[in-house]
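Heads up: the sequence lines are chains A and B, in that order. Just add 145 to wherever you are in the first sequence, counting from 1, and you've got the numbering used here. Just add 269 to wherever you are in the second sequence, counting from 1, and you've got the numbering used here. Even glycine gets a Cβ: it sits at the ideal position worked out from N, Cα and C. Small disclaimer: the values here were computed from a predicted structure and weren't measured. These notes concern the structure reproduced below.
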Amino acid sequence: AQKITQTQPGMFVQEKEAVTLDCTYDTSDPSYGLFWYKQPSSGEMIFLIYQGSYDQQNATEGRYSLNFQKARKSANLVISASQLGDSAMYFCAMREGRRGNTPLVFGKGTRLSVIA
Amino acid sequence: GAVVSQHPSRVICKSGTSVKIECRSLDFQATTMFWYRQFPKKSLMLMATSNEGSKATYEQGVEKDKFLINHASLTLSTLTVTSAHPEDSSFYICSAGHGGPRFFGPGTRLTVL
């Protein structure tokens, strides 16, 4: 079974509008971390936001916020005030366990296109 | 600034040659680093977990004799693609982290002719 599911292969959003990228996860470990990365055409993986399973509040980083719904096992990324430079692939990922030496497992990604 | 560096960023080699890719953590010590492979328009697939001072842990289906990993120090892990073939052409990217966020190197695009 897939541990990370991103159901939107592609999304379009108008510039300056907000957009939500979906991510659901599957784990039986009570301790885990959820990540979102942006990958532009250059290939680099840009860290956007992190949410720990025990964090009480939703994570926010500038225009990025993570809508963490633990009971639903969802960790959607919300980008506010979209910019043309936001056009890229976006990956949701999960680390299981509390220790820092477990790998990230990635979803298939969502390609976001911002339209002027 | 970048916290994980990777070198080279791009390499083209002939079939049968070996290619070494370096991954360095720049301002922290990493006892564990991770190597991923990414095909065009696909997601990142974990190849192996690199452990400082011990053998790497390979994912199922990854040939350990073909993809040699050495983690000789707390800031450096290397991936050597031995006897490269055209099907090894791909984007290779390493990752390291301490605590919460995981950082990635800029990646190495390998083309085997």
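So the beta strand (DSSP E) residue i belongs to, where does it begin and stop?
i	result
Ser-287 (chain B)	Neither: Ser-287 (chain B) is in no beta strand (DSSP E) and is coded neither H nor E.
Leu-229 (chain A)	Looking at the DSSP string, Leu-229 (chain A) is not in any beta strand (DSSP E), and its letter there is neither H nor E.
Gln-398 (chain B)	Residue 398 (chain B) lies beyond the residue range present for chain B, which begins at 270 and ends at 382; the question has no answer from this structure.
Arg-243 (chain A)	Here Arg-243 (chain A) belongs to no beta strand (DSSP E), and DSSP marks it neither H nor E.
Ser-258 (chain A)	255 to 260
Thr-377 (chain B)	377 to 381
In angstroms, rounded to a whole number, what distance separates the CA positions of residue i and residue j?
i	j	result
Gln-184 (chain A)	Asp-334 (chain B)	30 Å
Ile-338 (chain B)	Gln-159 (chain A)	44 Å
Lys-311 (chain B)	Glu-189 (chain A)	14 Å
Val-250 (chain A)	Ile-362 (chain B)	14 Å
Thr-347 (chain B)	Gly-197 (chain A)	30 Å
Ser-258 (chain A)	Leu-166 (chain A)	12 Å
Ser-219 (chain A)	Thr-318 (chain B)	27 Å
Met-302 (chain B)	Pro-370 (chain B)	13 Å
Gln-224 (chain A)	Thr-152 (chain A)	A small correction: the amino acid at residue 224 (chain A) is Ile; Gln does not occupy that position in the sequence shown. Straight-line Cα distance between these residues: approximately 17 Å.
Ser-232 (chain A)	Arg-256 (chain A)	8 Å
Phe-297 (chain B)	Val-272 (chain B)	8 Å
Lys-161 (chain A)	Asp-171 (chain A)	32 Å
Lys-324 (chain B)	Met-316 (chain B)	14 Å
Phe-236 (chain A)	Phe-157 (chain A)	16 Å
Arg-279 (chain B)	Arg-378 (chain B)	5 Å
Thr-150 (chain A)	Gly-254 (chain A)	9 Å
Gly-366 (chain B)	Phe-373 (chain B)	8 Å
Tell me which residues share the same chain as residue i and place their Cβ nearer than 6 Å to its Cβ, disregarding the 5 neighbours each side in the sequence.
i	result
Gln-214 (chain A)	none
Gln-307 (chain B)	Leu-313 and Phe-360
Leu-345 (chain B)	Arg-293
Looking at the ligand PLP, does it come within less than 7 Å of residue i, judged from the CB to the closest heavy atom?
i	result
Lys-183 (chain A)	In the structure on display, the ligand PLP does not appear, and there are no ligands present to speak of.
Within its chain, find whatever has a CB closer than 7 Å to the CB of residue i; leave out the 5 residues flanking it on each side and keep chain order.
i	result
Ile-281 (chain B)	Thr-380 and Leu-382
In three-state terms, what does DSSP make of residue i?
i	result
Glu-356 (chain B)	helix
Asn-339 (chain B)	strand
Ser-364 (chain B)	strand
Met-316 (chain B)	strand
Tyr-195 (chain A)	strand
Lys-183 (chain A)	strand
Thr-349 (chain B)	strand
Leu-211 (chain A)	strand
Gly-168 (chain A)	It is worth fixing the name first, because residue 168 (chain A) is Cys in this sequence and not Gly. Note: Cys-168 (chain A) maps to coil in three-state DSSP.
Glu-321 (chain B)	coil
Glu-206 (chain A)	strand
Gly-178 (chain A)	strand
Thr-152 (chain A)	coil
Thr-344 (chain B)	coil
Leu-249 (chain A)	strand
Within its chain, find whatever has a CB closer than 8 Å to the CB of residue i; leave out the 5 residues flanking it on each side and keep chain order.
i	result
Pro-248 (chain A)	Arg-240
Self-check item: the stretch 176 to 191 of chain A: positions lying closer than 7 Å to chain B by Cβ
Solution: Gly-178, Phe-180, Gly-188, Glu-189 and Met-190
Quiz item: Of all the residues that make up the stretch 307 to 335 of chain B, which are near chain A by a beta-carbon distance shorter than 7 Å?
Solution: Ser-312, Leu-313, Leu-315 and Thr-318
Quiz prompt | Near-chain B residues of the stretch 192 to 226 of chain A (beta-carbon distance less than 8 Å), N- to C-terminal order | solution = Phe-192, Tyr-195 and Gly-197
Quiz item: Which of the residues in the stretch 228 to 242 of chain A, read from start to end, lie with their CB under 9 Å from any CB of chain B?
Solution: Met-234, Phe-236, Ala-238 and Arg-240
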